[in-house]
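**Student:** Residue numbers (mature numbering (1 follows the signal peptide of the UniProt record, and there is no 0)): -16 to -1, 1 to 257.
Every residue, glycine too, gets a C-beta built ideally from N, C-alpha and C.
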Ligand SMILES: [Zn+2]
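1. Do residue 36 and ligand 1 come close, with the Cβ less than 7 Å from some heavy atom?
2. Could you tell me the distance, in whole angstroms, from the CA atom of residue 45 to the CA atom of residue 66?
3. If you reduce the DSSP assignment to three classes, tell me which class residue 6 lands in.
4. Specify, as a first and last residue, the run of the alpha helix (DSSP H) that residue 114 falls within.
5. Here's a check: name, in chain order, each residue in its chain whose Cβ is nearer than 6 Å to the Cβ of residue 133, leaving out the five neighbours to either side.
6. Can you tell me whether residue 259 is buried or exposed, with buried defined as 16 or more other CB within 10 angstroms of its CB?
7. How many Å lie between residue 88 and residue 97 at the Cα?
8. What are the boundary residues of the alpha helix (DSSP H) that residue 231 is part of?
9. Count the other CB atoms within 10 Å of the CB of residue 245; is the residue buried (16 or more) or exposed (fewer)?
10. If you check the beta carbons only, do residue 179 and residue 235 fall under 8 Å apart?
11. Once DSSP output is grouped into helix, strand and coil, what is the label at residue 177?
12. Determine the burial state of residue 93: buried for a count of at least 16 other Cβ atoms within 10 Å of its Cβ, exposed for fewer.
13. Comparing the CB of residue 11 with every heavy atom of ligand 1, is any distance shorter than 7 Å?
14. Please determine, among 137, 144, 201 and 15, the residue with the shortest C-alpha to C-alpha distance to residue 249.
15. How many Å lie between residue 82 and residue 69 at the Cα?
Spelled out as structure tokens, the structure:
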């Protein structure tokens, strides 16, 4: 028996487990998953169909936090409640909106626009940051993280070029909420902002009247509702485009999540011609 055990011990060296990573939203989870590859899969906190701004921790998720090796999340500008919850947990964090490498935009009304994952420039910067943090936590697998990150960067570049070609020549469009500033800036799209400006949850009468006038004058050619919001207010303005989901709240945390999200948004917006 002793010999058998000794054989077992020498034959199966204890493999260091890959870090347990918790993320806030599917596109961030996708970038982490691409860097981890076969070594592991991150957890994503946002519920399927959830609103990215209303993310709060369930008790089970709070408990999982205590076992996490790293939390990769956007930051308090996106999810204020999650920020509060994370303050109470001693876990290493990579707060993407606070990283100096992150390209950040403000809303015209002021305040940080937190939808920074819709920028391929940020997706690439964060891929590098994620690989660096994972390598620090798990130096044995550093070469794998580096190789996976390099492959991920090449895929982001290829998709970026494809989307740039797909998104040329769009007409001016409006969305339900003001989430697409990064995408519009990157691909130079004629984005007219959201019906609900900034993070306001419902537009006021003045905003509705302004949008109605701009639709009538042709300044706004297309209106896109969103899966997480009732389209009733928008329907008053005319025919709507396909419903967008800027956070991909239905997506699993696979290495493809970020790319699937970007492609779906491009497919939706490309109908505005
Ligand atoms: Zn949003």
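**Tutor:** Here's the rundown:
1. For residue 36, the distance from the CB to the nearest heavy atom of ligand 1 is below 7 Å.
2. Going from the Cα of residue 45 to the Cα of residue 66 covers about 11 Å.
3. Three-state DSSP puts residue 6 in a strand.
4. That run of the alpha helix (DSSP H) goes 104 to 121.
5. Counting only Cβ-Cβ distances below 6 Å, and skipping sequence neighbours, we find 19, 111 and 115.
6. The chain is shown only over -16 to 257; residue 259 falls outside these bounds and no answer can be derived.
7. Taken atom to atom, the span from the alpha-carbon of residue 88 to that of residue 97 is near 7 Å.
8. Neither: residue 231 is in no alpha helix (DSSP H) and is coded neither H nor E.
9. Buried, since its Cβ has 16 or more Cβ neighbours within 10 Å.
10. Not in contact: residue 179 and residue 235 (Cβ atoms no closer than 8 Å).
11. In the structure shown, residue 177 adopts extended strand secondary structure according to DSSP, grouped into three states.
12. The residue is exposed, with fewer than 16 neighbouring Cβ atoms inside 10 Å.
13. No, Cβ of residue 11 sits at least 7 Å from all heavy atoms of ligand 1.
14. Scanning 137, 144, 201 and 15 for the CA closest to the CA of residue 249 turns up 144.
15. So the alpha carbons of these two residues sit roughly 17 Å apart.
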